[in-house]
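Peer 1: At position 154 of the sequence shown (counting the first as 1) the number is 154 in the UniProt record's numbering, and the numbers step up by one without a gap. By construction, the Cβ of each residue, glycine as well, lies at the ideal position given by its N, Cα and C atoms. Would you mind keeping the following structure in view while I ask a few things?
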Amino acid sequence: MKSETIYKDFCFELEGILFNFDTSLLESKKYNEKVDLIFDLKSIVKDKDTKTNTLNFSVTLSSKGTQTKTNEILKECSNQGVKLDEEILKKAFVKFKKQGSMDYFIHKNAQGFLKEQLDLYLFEYLFKEMTAFDHKRLNGINTIKEVALEVIALVSEFENELCKIWNKPRLVLNSHFIVSLDKLKAKNYDLSKITNHPNYPKQVKEWQDLNLEIADNLLGNEFLPLDTLYFKDLEEEVKSLFNENEINGTLIKSENYQALNSLKNRYKEAIDCIYIDPPFNTGSDFAYIDRFQDSTWLSLMHNRLQLAYDFLSPQGNFYLHLDYRANYLGRMLLNDIFSKENFRNEIIWHFRTYQGQIQSNFPRKHDSLLWYSKNCNVNNFFKITYSDNYKDTVDYRRWREFIVDNNKIVYPNYPKADSRFDGYLKRYLQSTKEPKNGDIIATINGYVIDDVWTDIQAIDPKKADERLQGTLTQKPEKLLERIIKASSNENSIVCDFFAGSGTTCAVAHKLKRKYIGVEMGEHFESVILPRLKKVIGGFKSGALKEFNGGGVIKVYELESYEEILRKIKYEDNDKPLAYEEQYSDLVERKNESYTLNIEALENMGVDIKETLENLHGVGVEFFNEKVVKFKGNDKEVSILKALKEALIW
């Protein structure tokens, strides 16, 4: 499913002024991101006969946060004697934007669906007049059916091609690492290569822009984040220093369905905690499209949740964050995918908003988090454990529950009314010795965390400590801290494929979890990457201020659906391939065998190693133009065969 608004040239009159909008320079978007339009006043034409003023605008997509210069437009109109106020100008822009917004669906079985619709049409046509069943009428129906079936064959063939492209695993593009200096020092890397590099001043400027402390000595702040984008000639040797287990997180710029579909082999049953906060019809100025019909939203989410389910480990937990507009839809979706038996809780996050009171109804003060487990028989959260120090202080006559965090009792809430001793609980206490993060222990004076969370507040927009610039639906770090601690251990993998402002990834990094964050659009570079660089650099914000910094992050893009459509060529060629090859320019024939043009792929920005590991779910020892050798496999495999899914559909 893809949402798009098709803008066309548009001319209309408003308050005696003709507004003419030219869309010839308006490019299509790469993703389902919400991108602002920029209106540029090109000319003002005055018709002396009709005394009509025409304002000619050029329309383009916003780039890097640029905005329409409304004041300059009004000033130019005033200088030329055109009476135009800001309200009328904004009405004109709104009217232009109200052109048809469409949700495009690629049908999985277009031929079957269209034939079914044809049968329904013919049935209605045949019985429209119950008494007319002569040969002429029947011959007419046969003719309609013959022509329609030919059209259906053509349409379904095209639709099937689009479906194959949509589901093709993606090539990894433009990969780079973000590495703290202490990690390089620990590998005995020669840091003079960095300080003497011609791009080093660009790296220093980025540190300054991020407000990170920089000493005269490079190692004055050993956690400064080095981005290999500035040091492409050194990138491969930096990457080679770290194995997969030493990488803290992976940030992926991609439409999330494509990311999940491309990573499904690599992370099958490997993730302990998934949290997502997807868009819905809020009408707010979010960084991505959120105005979907209910049916569209259900289809969009169902496809993604089906893929995400297979990522969860047997003890994995899934959290879906919604408000009142969609929580009922989310419950239906998750019941279908996880089954009702694996529903654990509806958690109410009761927060204090920093907005004025609403006069028309009761002010909204909560969101819902729907919590499901991969397997309800795995007692991976409400696990009662034993502490030797705690045993000495326990009064066995009264019991309550509390979470352990680094052997400290945390999260006070309100007393639980029923505090009677439970014999089963006592037996469970004897089954284990050491409490782990996320475990729950019993205490006489503690208070239980129930399914209404009142102690975590929304982010105060007036405080610069945690609030990021922009209009993303940013959640407080303390909220994600609780969720991640409750559902994972150190080195567990946490995933958020609606990464938004990057809160899940930032908190997971501080908690020493591995993580995968997926997001699309320009704010991937403008919001998420700077935030994680500041986390690595030890910038104190939000929760877990005791975290000092450091880490290694892998960053890359996946090719988009639109990029593939723009790239592919369908034409006859003389290359004797045994199969249809949309990327035939990347394949060469030498000495009766086929080889991969590695240089051509690398010139496209493709990370071949990362693509292979995503496709097959195992590490790559080496590859060349003919073969690839995977870790744990003594046999070499044809690299064309190994990359086939990403090259051919």
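For the structure I just gave you, are there three or more beta carbon pairs, one from the region 327–345 and one from the region 298–306, closer than 8 Å?
Peer 2: Taking 8 Å as the limit for Cβ pairs, the verdict is that the region 298–306 does touch the region 327–345.
Peer 1: Using a Cβ-Cβ cut-off of 7 Å (strictly less than) and excluding sequence neighbours within five positions of F498, which residues of its own chain qualify?
Peer 2: The answer, listed in chain order, is N256, I276, D277, P278.
Peer 1: Would you identify the three-state DSSP class for P201, choosing helix, strand or coil?
Peer 2: P201 falls in the helix class under three-state DSSP.
Peer 1: Which runs of the beta strand (DSSP E), 3 residues or longer, sit entirely within the region 455–537?
Peer 2: Correct list: 493–496, 514–519.
Peer 1: Please list the terminal residues of the continuous beta strand (DSSP E) segment that includes S62.
Peer 2: Looking at the DSSP string, S62 is not in any beta strand (DSSP E), and its letter there is neither H nor E.
Peer 1: List the DSSP bridge partners of S180.
Peer 2: S180 is bridged to P225.
Peer 1: Which term fits D180, buried or exposed, when burial requires 16 or more other beta carbons within 10 angstroms of its beta carbon?
Peer 2: At residue 180 the sequence reads Ser, which differs from the Asp that was named. S180 should be labelled buried.
Peer 1: Taking the continuous beta strand (DSSP E) assigned at R344, which residues delimit it?
Peer 2: 343–350 is the extent of the beta strand (DSSP E) around R344.
Peer 1: In the DSSP output, what is F158 paired with across the bridge?
Peer 2: According to DSSP, which records beta bridges pairwise, F158 is partnered with nothing at all.
Peer 1: For D85, count neighbouring C-beta atoms within 10 Å of its own C-beta (all shown protein chains included) and say buried if the count is 16 or more, exposed if not.
Peer 2: It counts as exposed.
Peer 1: Could you tell me how far apart the beta carbons of C505 and L251 are, in whole angstroms, since I believe they sit closer than 8 Å?
Peer 2: With 8 Å as the limit, C505 and L251 qualify as a contact, their Cβ atoms being about 7 Å apart.
Peer 1: Leaving aside the five residues before and after Y556 along the sequence, list all residues of the same chain whose C-beta is less than 7 Å from its C-beta, in chain order.
Peer 2: The residues are V172, L173, N174, S175, I252, D607, E610.
Peer 1: Just to confirm the assignment, what range does the beta strand (DSSP E) spanning N335 have?
Peer 2: Taken as a continuous stretch (DSSP letters only), N335 belongs to no beta strand (DSSP E), being part of the alpha helix (DSSP H) at 327–338.
Peer 1: Where does residue 681 land, buried or exposed, given buried means 16+ other C-beta within 10 angstroms?
Peer 2: Residue 681 lies beyond the range of the chain shown here (1 to 649); nothing can be said about it.
Peer 1: Would you decide whether Q117 is buried or exposed? Buried here means 16 or more other CB atoms lie within 10 Å of its CB.
Peer 2: By the neighbour-count rule (16 or more Cβ atoms within 10 Å), Q117 is not buried but exposed.
Peer 1: Do the region 368–375 and the region 319–329 make contact, defined as three or more Cβ pairs closer than 8 Å?
Peer 2: As far as the Cβ criterion goes, the region 368–375 touches the region 319–329, which means the pair count is three or higher.
Peer 1: Between the beta-carbon of L89 and the beta-carbon of T60, is there less than 8 Å?
Peer 2: No, the pair does not count as a contact, with Cβ atoms beyond the cut-off.
Peer 1: Please name the residue, chosen from G632, S501, F343, T143, that lies closest to E613 on a Cα-to-Cα basis.
Peer 2: Ranking the options by Cα distance to E613, first place goes to G632.
Peer 1: So, is L226 buried or exposed, given that buried needs 16 or more other C-beta atoms within 10 angstroms?
Peer 2: By the 10 Å Cβ count, L226 comes out buried.
Peer 1: Give me the Cα-Cα distance between N243 and G550, rounded to the nearest whole angstrom.
Peer 2: Those two C-alpha atoms are separated by around 16 Å.
Peer 1: Restricting to Cα atoms, I'd like to know which of S487, S492, D496, T503 is closest to I459.
Peer 2: Looking at the Cα atoms, T503 is the closest of the given residues.
Peer 1: Among S63, P198, G517, whose alpha-carbon lies nearest the alpha-carbon of G249?
Peer 2: G249 has its Cα closest to that of G517, out of S63, P198, G517.
Peer 1: Flag this pair as yes or no: are the beta carbons of L601 and E645 separated by less than 8 Å?
Peer 2: No, they are not a contact pair.
Peer 1: Using CA coordinates, which residue listed in N245, S192, Q208 is at the minimum distance from F231?
Peer 2: Closest option to F231, Cα to Cα, is S192.
Peer 1: Using CA coordinates, which residue listed in D36, K108, L120 is at the minimum distance from I68?
Peer 2: Residue 68 is actually Thr in this sequence, not Ile. Ranking D36, K108, L120 by Cα distance to T68 puts D36 first.
Peer 1: When the Cα of D496 is compared with those of F311, F280, K42, G619, which residue comes out closest?
Peer 2: The candidate whose alpha carbon is nearest that of D496 is F311.
Peer 1: If the criterion is Cβ atoms closer than 8 Å, does the pair Y625 and I648 meet it?
Peer 2: A small fix is needed here, since residue 625 is Glu in this sequence, not Tyr. No.
Peer 1: Are the beta-carbon atoms belonging to L558 and Q258 less than 8 Å from one another?
Peer 2: Yes. Within cutoff.
Peer 1: Can you grab the Cα-Cα spacing for the pair K534 / E15, in whole Å?
Peer 2: Each residue's Cα considered, the two are about 50 Å apart.
Peer 1: Can you tell me whether D272 is buried or exposed, with buried defined as 16 or more other CB within 10 angstroms of its CB?
Peer 2: Looking at its Cβ environment, which holds 16 or more other Cβ atoms inside 10 Å, D272 is buried.
Peer 1: Starting from E636, trace the beta strand (DSSP E) in both directions and tell me its first and last residue.
Peer 2: Start and end: 636–638.
Peer 1: Please say whether V552 and K42 have beta carbons closer to each other than 8 Å?
Peer 2: Not in contact: K42 and V552 (Cβ atoms no closer than 8 Å).
Peer 1: Roughly how many whole angstroms lie between the Cα atoms of Y7 and S63?
Peer 2: Near 18 Å, if we compare the C-alpha coordinates of S63 and Y7.
Peer 1: To which residues of the same chain is V637 closer than 6 Å at the C-beta, ignoring the five residues directly before and after it?
Peer 2: Around V637: V628.
Peer 1: Just to confirm, is the Cβ distance from Q530 to L149 under 8 Å?
Peer 2: According to the sequence shown, residue 530 is Pro rather than Gln. Result no, Cβ atoms of P530 and L149 do not sit closer than 8 Å.
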